[in-house]
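Q: Got a structure here, written out as structure tokens. Questions coming.
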Ligand code: BTN
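Residue numbers (our numbering): 5 to 267.
Here it is as structure tokens:
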């Protein structure tokens, strides 16, 4: 990756000249968290060409081969209560969902809580991790992985039918610097909206982009599986479901899939 080109595209913004580039690392989220503990300022972003231990949600691994994709993690230090930090994942989702259509003709969709789909398949994932003591946030790390130029055949067999890349969808090679800049610039815009006006404008935008409201879904959670209709997302980023048999429930963590035949 050409970090000078990326810095130029970001000039004047919160991430300009705060990029840490690593040819290879365990996980950019872990590196960003370690830098944050050492005092790295807000806006520090760790990029890696490849990750040995790329992390996904719910303890999954994030396949991170060199040279083809984006793996980066931002350090943030928002002056908000820890309970509001989940909203930052949604901020990142909205930002990425605005940037990706510039590079990809397939419909881009947000899937709760933080998956981005292109043509119905996963193309981008977001992992937010936070350190706080009591009521103060020490730092938040938001990690974003995008399948950019990877070919289908290079994807892990286990995810091949459910994942795609921007190159597969668009039929052309995409500049990772341009894409990273587009995501970071939009993230900064939405982050400022979130800090100044709160979660509500972000929530509205997420609902508009996700198209999930009113859909019948199956939610796979640690403690079981529920089916129901999505009724919205609350002020903390929690998914609201009208569950069959038991009325409204709140989903804090889980995997949401459309019930087949309902897509
Ligand atoms: C998910 O969809 O489960 C979240 C995937 C997040 C992957 C990114 S890649 C950059 C950053 N570093 C990590 O170890 N994970 C995130």
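From the three backbone atoms N, C-alpha and C, an ideal C-beta is built for every residue, glycine too. Since this is a predicted model, take the numbers as computed values, not measurements.
Suppose contacts are defined by Cβ-Cβ distances below 8 Å. Is residue 13 in contact with residue 185 by that definition?
A: Yes, they are a contact pair.
Q: With distance defined between alpha-carbon atoms, name the residue in 86, 74, 176, 115 nearest to residue 277.
A: Because the chain spans 5 through 267 in this model, residue 277 falls outside it and cannot be assessed.
Q: In chain order, what residues of the same chain lie with their CB nearer than 7 Å to the CB of residue 125, ignoring the 5 residues before and after it?
A: Once the five neighbours on either side are set aside, the close Cβ partners of residue 125 are 166, 167, 168.
Q: State the start and end residues of the unbroken beta strand (DSSP E) segment that holds residue 126.
A: Counting along the chain, the beta strand (DSSP E) containing residue 126 begins and ends at 125–137.
Q: Let me know if residue 153 comes out buried or exposed under the rule of 16 or more other beta-carbons within 10 Å of its beta-carbon.
A: The residue in question, residue 153, is buried, as its Cβ has 16 or more Cβ neighbours within 10 Å.
Q: If we count Cβ pairs, one from each stretch, closer than 8 Å, do we get three or more for the segment 86–101 versus the segment 46–65?
A: The segment 86–101, when compared against the segment 46–65, does not touch it at the 8 Å Cβ threshold.
Q: Does the pairing of the segment 178–196 with the segment 16–24 give three or more beta-carbon distances under 8 Å?
A: In short, these stretches touch, since the Cβ pair count reaches three.
Q: For the segment 64–119, list the beta strand (DSSP E) runs that are entirely contained and at least 3 residues long, ordered along the chain.
A: Taking only runs of at least 3 residues, the beta strand (DSSP E) segments lying wholly in the segment 64–119 are 74–80, 112–115.
Q: What do you get for residue 137, buried or exposed, if any count of 16 or more other CB atoms within 10 angstroms of its CB means buried?
A: Classification for residue 137: exposed.
Q: Go ahead and label residue 173 buried or exposed: buried means 16 or more other beta carbons lie within 10 angstroms of its beta carbon, across all protein chains shown.
A: Residue 173 comes out buried.
Q: Taking the alpha-carbon positions, what's the residue 2 to residue 106 distance?
A: The question about residue 2 has no answer, for the chain in this structure spans 5 to 267.
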